[in-house]
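Trainee:
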Amino acid sequence: MPENEHRNCLLCGDLNPRSLGLRFEPHGDDGVRAEFQGHEDLQGYDGILHGGIIASLLDSAMTHCLFHRKVRAVTGDLQIRYKHSIPCNSTVDVQAKLVESHPPLHRLKARILMGRKTMARGEARFMEIDKKAAP
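Sequential numbering of the sequence shown, starting at 24, is according to this note's numbering.
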């Protein structure tokens, strides 16, 4: 399973002592979700979660959506729409779903919710990678 190759990941790696500790679970028919608790170490502007962290959360969710389908792929392009600032100490729900799959290309969408409010959303295309070609 691809998650086993991801154990040192900054976002979800169980072997990385600095990992943010994301744990994704199936959500709906073709998606995943994880709860994320922010903290002050991840702020950009005072009290606001850094935009790069937000982008990373969305990207990680989409990657795990593919992992749950046993697909090993890398991000080809990623578009983010920041709708509202996220307070750095907030608990948010990170969700992703598969939109379209034409191997080796896959298109996914993700969003970050606080309650029912969409704080950010992303869309990406992923390209499958050959296990033998990777380091």
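In this text, a Cβ means the ideal position worked out from N, Cα and C, and glycines have one as well. From a predicted model like this one, the values you see are computed outputs, not experimental measurements.
May I ask you to report which of helix, strand or coil DSSP gives His4?
Mentor: This structure cannot settle anything about residue 4, because the visible part of the chain is limited to 24 through 158.
Trainee: Going by the CB atoms, is the gap between Arg134 and Ala143 shorter than 8 Å?
Mentor: The residue labelled residue 143 in the question sits at position 120 within the sequence shown. The residue labelled residue 134 in the question sits at position 111 within the sequence shown. Yes, these two residues count as a Cβ contact at 8 Å.
Trainee: Taking DSSP as the reference, what is the three-state secondary structure of His87?
Mentor: Position 64 of the sequence shown, counted from the first residue, corresponds to residue 87. In this structure, His87 counts as helix in the three-state DSSP scheme.
Trainee: Does the Cβ of Met85 have 16 or more other Cβ atoms within 10 Å, making it buried, or fewer, making it exposed?
Mentor: One-based indexing of the sequence shown puts residue 85 at position 62. The residue in question, Met85, is buried, as its Cβ has 16 or more Cβ neighbours within 10 Å.
Trainee: Using a Cβ distance threshold of 8 Å, determine whether the region 97 to 107 contacts the region 50 to 68, with at least three qualifying pairs required.
Mentor: Taking 8 Å as the limit for Cβ pairs, the verdict is that the region 50 to 68 does not touch the region 97 to 107.
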